[in-house]
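*Asks:* Attaching a single structure in structure tokens format; questions to follow.
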Amino acid sequence: MMKTKSLILFFVLTSTFMIAQEKLADKFFGNYSYVKATELYKEVLKKGDTSLHVLSRLGDCYYNNSKPEDAALWYEKTLQKYDSDVNPEYIYKYIQSLRSLGKYSEANEWMKKFTEIQNNDTRIKGYDPENISKYNELAKTEKDRVVKLVNLPFNSKYSDFGSFIQNGQMYFASSRNTDEKKLYNWNQEPFLDIYKVSVEKKGDTIAYGSTDFINAEKINTDYHEASVALTKDGKTMYFTRDNVSKKNKVKYDQKGTTHLKLYKAELVGDAWTDIEELPFNDDVFSTGHPTLSPDNKILYFVSDREGGLGQTDIYQVEIKEGNTYSEPVNLGEKINTEGREMFPFVSQDSTFYFSSDGHLNLGFLDIFKSNVIKDENAQPENLGAPYNSGYDDFAFFLNPSEEENDKTGYFSSNRPDGQGSDDIYSFDASVCIQTIKGITRDLNTNEIIAGATVKLINEVGKVLEEVESNEIGEYEFTVDCNKKYTVVGNKEDYKDDLKDVPTDNENGKVTEADLYLEPLINDNQIVINPIFFDFDKSNIRTDAKYELENIVDVMRAHPTMVIKIEAHTDSRGRDAYNMKLSDRRAKSTMDYIISRGISPERIESAIGYGESQLLNKCANKVKCSEEEHQLNRRSYFYILKE
């Protein structure tokens, strides 16, 4: 009988623990603390709670933090166990996770089921079960916006690509020169030359002039020239050319391959002259596709030189004084893959654009953008349709504009609706966007906090972007109009701060949202909000656990830290009873911290002092307000060793 009672007690205590821990996890989840919530849900899971709520919430934690592999794992477990009881929204999230992982066949099967359940859902509009590879997570925000594409009137039936506009002139490459008898063996078209065409905006339309060779005797040869980049003053041009000798003869390596090289030219009067090969070329590998940083101090290019990550990689060199350059630096795995990375371009706001067939794409080369210049850990984002298709899409160019939100430009593609083998398209994707920015500060001192992590979260709780505040505490996000956002700031040894930031329909509006993080360490104490106990009890409530997690975080961040715990009561009640009650509360507090994986040796003592150390006049028989009594009900966490 005693054994049975013990067993019943064990299950009751375990069940109570799981419910309390689940509530605590829910509280962190509700405040977008997905990493902490994940940890707590998994503790509940270890105790045997495999409820729909716990499994699906684990999936949500990973989904909202854009970790599709883990999200797919927990959504799969949810659907396997509960099937028809699962909200269809979780089926859709599972589909999205599978698509992100490239598991199109599996996603297709679940999409069929989702379509049956949610046959009026707008997200299934245009769904084609026979061609699931086209329905993947490349349908980014741009796809939902109105983007006007135009196949330019001066495109030929040959290859035309690579637009660059300077002073009303567009420079591009074309193989339209049929006067040349030589043909390029790759596609049996004439070799590429560099052309220019005048560009003039007239109201809402763009007028293009006639196409002309540029300085044919100096720039264009009998072989390939393409991919132009000009300096801001228009006096220096960087371009790609076949490896050609001074006698206009193509040069081959030992394997019979002709490689590309980078050259530069200077504008003297109306003519391009002083053609000069750049020093980091070589006869045994190719170097091409130049582009410049907005300040013209960095030159980016493509090469298949030894030591790269893939077939072709993007590199950068610093342009120094005296016509010299730094050693080429590979942009690394955030940009380069084992495939082809090509056609880099840097916009005026230092957004990095490039084409790749190595990142998740719709097929062949796709255009990507990245914030890698400002954030070395930034991940590239596929621009999606209509910029990208199942064909090669490349040579992206964004017009410099006085209007921050004027998103017009050009890209090239060999999609089948064109006029030639490659065509240049213009696009107009002017959209309503706003800026949320602020400074991360210390709540107590108002001092700037550098290196704080700031997350941008949408109205359904998904983390859209994450940045670190810079050396002067600044952070910034570009967001859509007419949406609801939350920004959350956190840093080790500080409490999180969050602000709700709705946007309206005013294009270009800037909303200031400073974040004030409260320090957890103050001199020799870890300072948290008051821990509340139920009247006459010492068990740790969910709201108290939420606060105590701050203690856990600090001690995890400082693995050699040793603390002592003090608990105090107000003067109401007998002195001896208050002493015992406060001691039990101190011990309960210690036990909770230890239960979260903190070694018992790191808590030197947990002692209750009852009402022996009041902070105000409210001793026995002194009439005081509830607020004054509350001041005396407190816990201290003293740091004895760092």
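Numbering (the numbering used here), first residue to last: -12 to 629. We treat Cβ as the ideally placed atom computed from N, Cα and C, and that holds for glycine.
Compute the Euclidean distance between the alpha carbons of Lys130 and Glu629, then round it to the nearest angstrom.
*Replies:* Caution applies to Lys130, whose pLDDT of 41 falls short of 50 and renders its modelled position unreliable; the model cannot decide the point.
*Asks:* Determine the contact status of Asn283 and Lys219, defining contact as a CB-CB distance below 9 angstroms.
*Replies:* Yes, the pair counts as a contact, with Cβ atoms nearer than the cut-off.
*Asks:* Going straight from the alpha carbon of Lys135 to that of Ile515, what length do you get?
*Replies:* Cα to Cα, Lys135 sits roughly 54 angstroms from Ile515.
*Asks:* Measuring CB atoms only, is the segment 414 to 425 touching the segment 394 to 401, in the sense that at least three cross pairs come out at less than 8 angstroms?
*Replies:* In short, these stretches touch, since the Cβ pair count reaches three.
*Asks:* Is there contact here, the segment 149 to 162 with the segment 181 to 193, by at least three beta-carbon pairs under 8 angstroms?
*Replies:* Cβ pair count under 8 angstroms is three or more, so yes.
*Asks:* May I ask you to check if the CB of Lys424 is nearer than 8 angstroms to at least one heavy atom of the ligand GDP?
*Replies:* Here there are no bound small molecules, and the ligand GDP is not part of this structure.
*Asks:* Taking the beta carbon of Leu602 as the centre, do at least 16 other beta carbons fall within 10 Å, making it buried, or is it exposed?
*Replies:* Under this definition Leu602 is an exposed residue.
*Asks:* Buried or exposed: Glu9, going by 16 or more other Cβ atoms within 10 Å of its Cβ?
*Replies:* Its Cβ being crowded by 16 or more others within 10 Å, Glu9 is buried.
*Asks:* Distance check for Leu27 and Tyr91, CA to CA, integer angstroms please.
*Replies:* Taking the straight line joining both Cα atoms gives about 32 angstroms.
*Asks:* Opposite His246 in the DSSP bridges: which residues?
*Replies:* Partner(s): none; His246 has no beta bridge.
*Asks:* Which whole runs of the beta strand (DSSP E) in the segment 425 to 494 are 3 residues long or more, in chain order?
*Replies:* Counting only runs of 3 or more, we get 440 to 445, 450 to 455, 461 to 467, 471 to 477 and 484 to 489.
*Asks:* Indicate whether Tyr287 and Gln303 have their beta-carbon atoms separated by less than 9 angstroms.
*Replies:* Taking 9 angstroms as the Cβ cut-off, Tyr287 and Gln303 qualify as a contacting pair.
*Asks:* Bridge partners for Asn138 per DSSP, in chain order?
*Replies:* DSSP, once it has assigned bridges, lists Tyr412 as partnering Asn138.
*Asks:* Where does Asp540 land, buried or exposed, given buried means 16+ other C-beta within 10 angstroms?
*Replies:* Looking at its Cβ environment, which holds 16 or more other Cβ atoms inside 10 Å, Asp540 is buried.
*Asks:* Using the three-state DSSP reduction, which class does Glu129 fall into: helix, strand or coil?
*Replies:* Below a pLDDT of 50, predicted positions are generally treated as unreliable, and Glu129, at 42, falls in that range; no measurement from the model is reported.
*Asks:* Can you find at least 3 beta carbon pairs, one from the segment 247 to 263 and one from the segment 221 to 232, that sit closer than 8 angstroms?
*Replies:* Result yes; three or more Cβ-Cβ pairs closer than 8 angstroms.
*Asks:* Does DSSP put Met548 in a helix, a strand or coil?
*Replies:* Correct three-state label for Met548: coil.
*Asks:* Please state the DSSP three-state secondary structure of Arg572.
*Replies:* Helix, per DSSP.
*Asks:* Express the C-alpha separation of Tyr625 and Asn511 in angstroms, rounding to a whole number.
*Replies:* If you take the alpha carbons of Asn511 and Tyr625, they lie about 6 angstroms apart.
*Asks:* Contact check, Leu66 vs Ile78 under 8 angstroms by CB: the rounded distance?
*Replies:* The pair is a contact, with the Cβ atoms about 7 angstroms apart (cut-off 8 angstroms).
*Asks:* Taking the beta strand (DSSP E) that Thr223 falls in, what are its first and last residues?
*Replies:* Thr223 to Asp229 is the span of the beta strand (DSSP E), which, as asked, contains Thr223.
*Asks:* Distance check for Glu452 and Thr490, CA to CA, integer angstroms please.
*Replies:* About 17 angstroms.
*Asks:* Just how far apart, CA to CA, sit Tyr533 and Tyr81?
*Replies:* In a straight line, the C-alpha of Tyr533 is about 30 angstroms away from that of Tyr81.
*Asks:* Buried or exposed: where does Gly309 fall if 16 or more other Cβ atoms within 10 Å of its Cβ makes it buried?
*Replies:* Burial call: exposed.
*Asks:* Please confirm whether Gly407 has its beta-carbon closer than 9 angstroms to some beta-carbon of chain B.
*Replies:* Of the chains in the structure shown, none is chain B; there is only one protein chain.
*Asks:* Count the CB pairs spanning the segment 432 to 443 and the segment 497 to 507 that are closer than 8 angstroms, and state whether there are at least three.
*Replies:* In short, these stretches touch, since the Cβ pair count reaches three.
*Asks:* Using only alpha-carbon positions, find the residue among Leu385, Lys307, Ser143 and Ser337 that is nearest to Asp409.
*Replies:* Selected option, being the one with the closest Cα: Ser143.
*Asks:* Do you know offhand how far Glu263's Cα is from Ile301's?
*Replies:* Roughly 22 angstroms between the two C-alpha positions.
*Asks:* Skipping 5 residues on each side, what residues in its chain have a beta carbon closer than 6 angstroms to that of Asn202?
*Replies:* Closer than 6 angstroms at Cβ, skipping near neighbours: Ala258 and Trp259.
*Asks:* Can you check DSSP and say which residues form a bridge with Ile192?
*Replies:* Per the sequence shown, the amino acid found at residue 192 is Thr instead of Ile. Thr192 is bridged to Lys189.
*Asks:* Using only the alpha-carbon positions, how far apart do Val31 and Ser280 sit?
*Replies:* Approximately 51 angstroms between the Cα atoms of the pair.
*Asks:* So, is Phe522 buried or exposed, given that buried needs 16 or more other C-beta atoms within 10 angstroms?
*Replies:* Exposed.
*Asks:* Let me confirm a value: Glu212 is counted as buried when at least 16 other C-beta atoms fall within 10 Å, else exposed. Which label applies?
*Replies:* Classification of Glu212: buried, given that the 10 Å Cβ count is 16 or more.
*Asks:* For Tyr374 and Ile354, I'd like the C-alpha separation in whole angstroms.
*Replies:* In a straight line, the C-alpha of Tyr374 is about 7 angstroms away from that of Ile354.
*Asks:* If you draw a straight line from the C-alpha of Leu352 to the C-alpha of His40, how long is it?
*Replies:* Leu352 and His40: Cα-Cα distance of roughly 41 angstroms.
*Asks:* Have a look at Arg561, Thr432 and Ile580 and flag the residue whose alpha-carbon is nearest the alpha-carbon of Glu509.
*Replies:* Residue identity check: residue 509 is Asn in the sequence provided, not Glu. The residue with the shortest Cα to Cα distance from Asn509 is Thr432.
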